[in-house]
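This report refers to the structure that appears directly beneath it.
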Amino acid sequence: MKKEVKRNKIQRDYTRQVPNPEDFQRFDLSGGNPWFRDLIDEWVRELPLDTLIHFPDNFSRVKALLADWLGVPSDMLFINNGSDSIIELLPRVFLKSDASVVVPVPTFFRFIQASERNCNNVIKVRFGNNFVWTPAFLERFLTSVNDPSVKLAWLASPNNPTGLCIPPAMLKEVLRTGKLVVLDRALNGFAPDLRKDTYLLEEYPNLIILSSFSKNFGLAGLRFGFSLASPSNTQKLREYSLPFTVSGPSLWFMERFLHCLVQGVVSGEDSASIESSRLELENSLRTIPGLEVVSGSQANFLMFRHSMEPDLFGRLKDSGILVADLNNTSGIEGEGFVRMTIRSVSENRKFVEKLKEIVG
Numbered sequence: 008m009k010k011e012v013k014r015n016k017i018q019r020d021y022t023r024q025v026p027n028p029e030d031f032q033r034f035d036l037s038g039g040n041p042w043f044r045d046l047i048d049e050w051v052r053e054l055p056l057d058t059l060i061h062f063p064d065n066f067s068r069v070k071a072l073l074a075d076w077l078g079v080p081s082d083m084l085f086i087n088n089g090s091d092s093i094i095e096l097l098p099r100v101f102l103k104s105d106a107s108v109v110v111p112v113p114t115f116f117r118f119i120q121a122s123e124r125n126c127n128n129v130i131k132v133r134f135g136n137n138f139v140w141t142p143a144f145l146e147r148f149l150t151s152v153n154d155p156s157v158k159l160a161w162l163a164s165p166n167n168p169t170g171l172c173i174p175p176a177m178l179k180e181v182l183r184t185g186k187l188v189v190l191d192r193a194l195n196g197f198a199p200d201l202r203k204d205t206y207l208l209e210e211y212p213n214l215i216i217l218s219s220f221s222k223n224f225g226l227a228g229l230r231f232g233f234s235l236a237s238p239s240n241t242q243k244l245r246e247y248s249l250p251f252t253v254s255g256p257s258l259w260f261m262e263r264f265l266h267c268l269v270q271g272v273v274s275g276e277d278s279a280s281i282e283s284s285r286l287e288l289e290n291s292l293r294t295i296p297g298l299e300v301v302s303g304s305q306a307n308f309l310m311f312r313h314s315m316e317p318d319l320f321g322r323l324k325d326s327g328i329l330v331a332d333l334n335n336t337s338g339i340e341g342e343g344f345v346r347m348t349i350r351s352v353s354e355n356r357k358f359v360e361k362l363k364e365i366v367g
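Set out below in structure tokens:
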């Protein structure tokens, strides 16, 4: 089996595409739009000065509220400065530098970045043209995972940048290998979904689940992420983690926000608007001749390319619109794909009109 090893070249990302992102209409990053802005405005006005000048002391209260909302024991929860930070930490905690990891590609570039920075061998299993988990793809993926050198498999559901999910039965097939499996659920982080995943932890202690409040709840700026894992794996993460990894203001905001979640003041059911906006946007994009949209996204973004415009990212950028350039993403290098994050209905419609002008 061929292994792709990159020890000197780190996977490129699409988070710093231009030096002046504030000058563009932004559809590049996948943070969501909170529908409870009145509450956020109220909290901003109430933010105490103490949260800025003292080390945070409400970490345990926030963790208890999060455990209550998810319905899990607190010793299965690890909190950190966004799920990105946990991704970076995982290879350092659980892998030796000569270990191998497996990723389906394309997927979230941070999995490859974090593994390469830990000097791990990265085995990339490429999806078919439709980017779907088929039985044939699963068989190829399992062959790689079962290699003796492999110690960890990275998965995201929904996947980034395709927005597609791994079927539960296929996820269990990967878990049955006994290898450490990291399942990133940041793109579907509402309580009902996460509670279903926690049941898997009872049967598969080799599973680590990641999530955050950046995407579905639109609180990316707080940089608050967490993992769900067995108590022993959670303890290992805590032992390697630095103190005060979440800022005082972020913890203060999260304490109030989690109270609202627990009490039902803010509900994940409001996320239905994300699906309707995505469907409207996808239908509009499909009216553009030559545009190929990846079907079945369950996330707050869509991935697409145009058959006659290989530099769609550059053309949009020249028009003042910033999307995620996927031309350097493993598995789809040089194929002209971009990823567009869903915004408000009016912003989405203006985007489609501008795209129609660009591609003629």
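What the sequence shown shows, in our numbering, is residues 8 to 367, in sequence order. Note that beta-carbon positions come from the ideal geometry of N, C-alpha and C, so glycine has one too.
Exercise. In chain order, which beta strand (DSSP E) runs of at least 3 residues are fully inside the segment 196 to 277?
Worked result: With a minimum length of 3 residues, the continuous beta strand (DSSP E) runs that stay inside the segment 196 to 277 are 214 to 219, 232 to 235.
Problem set entry | Cβ-Cβ distance between Ser122 and Val108 below 9 Å | For the 9 Å CB-CB criterion, Ser122 and Val108 form a contact.
For this session: Enumerate in chain order the residues of its own chain whose CB-to-CB distance from Ile339 is below 7 Å, with the five nearest sequence positions on each side excluded.
Result: The beta carbon of Ile339 sits closer than 7 Å to the beta carbons of Pro113, Leu333 from its chain, once the five residues preceding and following it are set aside; these are given in chain order.
For this session: Determine the contact status of Thr348 and Asp30, defining contact as a CB-CB distance below 9 Å.
Result: No, these two residues do not count as a Cβ contact at 9 Å.
Exercise. Is it a yes or a no for the segment 175 to 191 touching the segment 150 to 163, going by three-plus beta-carbon pairs under 8 Å?
Worked result: Segments in contact, yes.
Problem set entry | C-alpha distance - Ile93 paired with Ile215, whole-angstrom precision | Straight-line measurement puts the Cα of Ile215 at about 11 Å from the Cα of Ile93.
Exercise. Could you give the residue range of the beta strand (DSSP E) that holds Ser107?
Worked result: Its beta strand (DSSP E) spans residues 107 to 112.
Exercise. Where do the N-terminal and C-terminal ends of the alpha helix (DSSP H) with Met177 fall, by residue?
Worked result: It spans 175 to 182 - the alpha helix (DSSP H) in which Met177 sits, taken as one unbroken run.
Exercise. Who pairs with Trp161 in a beta bridge, going by DSSP?
Worked result: Note: Trp161 sits in a beta bridge opposite Val189.
Problem set entry | Same chain only: Cβ atoms within 6 Å of Gly255, ignoring 5 sequence neighbours per side | The answer, listed in chain order, is Thr58, Pro63.
Exercise. Under the DSSP definition of a beta bridge, which residues are partnered with Val300?
Worked result: Per DSSP, the beta-bridge partners of Val300 are Phe311.
Problem set entry | Cα-Cα separation between Thr150 and Val129, rounded to whole angstroms | Whole-angstrom Cα-Cα distance: 14 Å.
Exercise. Taking C-beta to C-beta, are Leu229 and Ser221 nearer than 9 Å?
Worked result: With contacts defined as CB atoms closer than 9 Å, Leu229 and Ser221 qualify as a contacting pair.
Problem set entry | Separation of Glu49 from Ala143, as counted between CA atoms | Going from the Cα of Ala143 to the Cα of Glu49 covers about 52 Å.
Exercise. Within the chosen definition, does the segment 167 to 182 reach the segment 295 to 314 through at least 3 CB pairs nearer than 8 Å?
Worked result: A contact exists between the segment 167 to 182 and the segment 295 to 314.
Problem set entry | Where Phe118 sits in the DSSP three-state scheme | Note: Phe118 maps to helix in three-state DSSP.
Problem set entry | C-beta atoms of Gly225 and Gln32 nearer than 9 Å | Their beta carbons are not under 9 Å apart, which means Gly225 does not touch Gln32 by this criterion.
Problem set entry | Close-in-space but distant-in-sequence residues of the same chain around Val79 (CB under 6 Å, 5 per side omitted) | Within the same chain, Val79 has close Cβ partners Thr205.
For this session: Measure the beta-carbon distance from Arg346 to Met310 and round it to whole angstroms, keeping in mind my assumption that it falls under 8 Å.
Result: About 5 Å; that satisfies the 8 Å criterion.
Exercise. Between Gly432 and Leu319, is the Cβ-Cβ spacing less than 9 Å?
Worked result: A question about residue 432 goes unanswered here, because the residues of the chain that appear run from 8 up to 367.
For this session: Please say whether Leu207 and Leu178 have beta carbons closer to each other than 9 Å?
Result: Yes; because the gap between Cβ atoms is below 9 Å, this pair is in contact.
Problem set entry | Three-state secondary structure (DSSP) of Phe85 | DSSP places Phe85 in strand when its eight states are reduced to three.
Exercise. Nearest to Ser337 by alpha carbon, out of Met83, Ala106, Phe134, Pro28?
Worked result: By alpha-carbon distance to Ser337, the top candidate from Met83, Ala106, Phe134, Pro28 is Phe134.
Exercise. In chain order, what residues of the same chain have a beta carbon less than 7 Å from the beta carbon of Asn240, not counting five sequence neighbours either side?
Worked result: So the qualifying residues of the chain are Ile215.
For this session: Report the three-state DSSP secondary structure of Arg52 (helix, strand or coil).
Result: Note: Arg52 maps to helix in three-state DSSP.
Exercise. Apart from the five residues just before and just after Asn40, which ones in its own chain have a Cβ nearer than 6 Å to its Cβ?
Worked result: If we look at Asn40 and ignore the five residues flanking it on each side, its Cβ neighbours are Gly225.
Exercise. Which word fits His61, buried or exposed, when buried means at least 16 other C-beta atoms lie within 10 angstroms of its C-beta?
Worked result: With fewer than 16 other Cβ atoms within 10 Å, it is exposed.
Exercise. Measuring CA to CA, which of Asn223, Glu299, Glu246 is closest to Ser314?
Worked result: Nearest Cα to Ser314 within the set Asn223, Glu299, Glu246: Glu299.
Exercise. Excluding five sequence neighbours on each side, which residues of the same chain lie with their C-beta closer than 7 Å to the C-beta of Asn153?
Worked result: Sequence-distant partners of Asn153 (beyond 5 residues in either direction) whose C-beta falls short of 7 Å from its own C-beta, in its chain, are Thr184.
Problem set entry | Per DSSP, the bridge partner or partners of Glu316 | Looking at the DSSP assignment, Glu316 forms a beta bridge with His313.
Problem set entry | Proximal residues to Arg117 (C-beta, below 7 Å), its chain only, five neighbours per side dropped | Excluding residues within five positions, the ones whose Cβ falls inside 7 Å are Asp91, Ile94.
Exercise. Taking the DSSP output, what are the residues bridged to Ala331?
Worked result: Checking the DSSP bridge columns, you'll see Ala331 partnered with Arg346.
Problem set entry | Asn355 and Ser284 closer than 9 Å at C-beta | Yes, they are a contact pair.
For this session: State the beta-bridge partners of Arg133 as determined by DSSP.
Result: DSSP lists Val112 as partners of Arg133.
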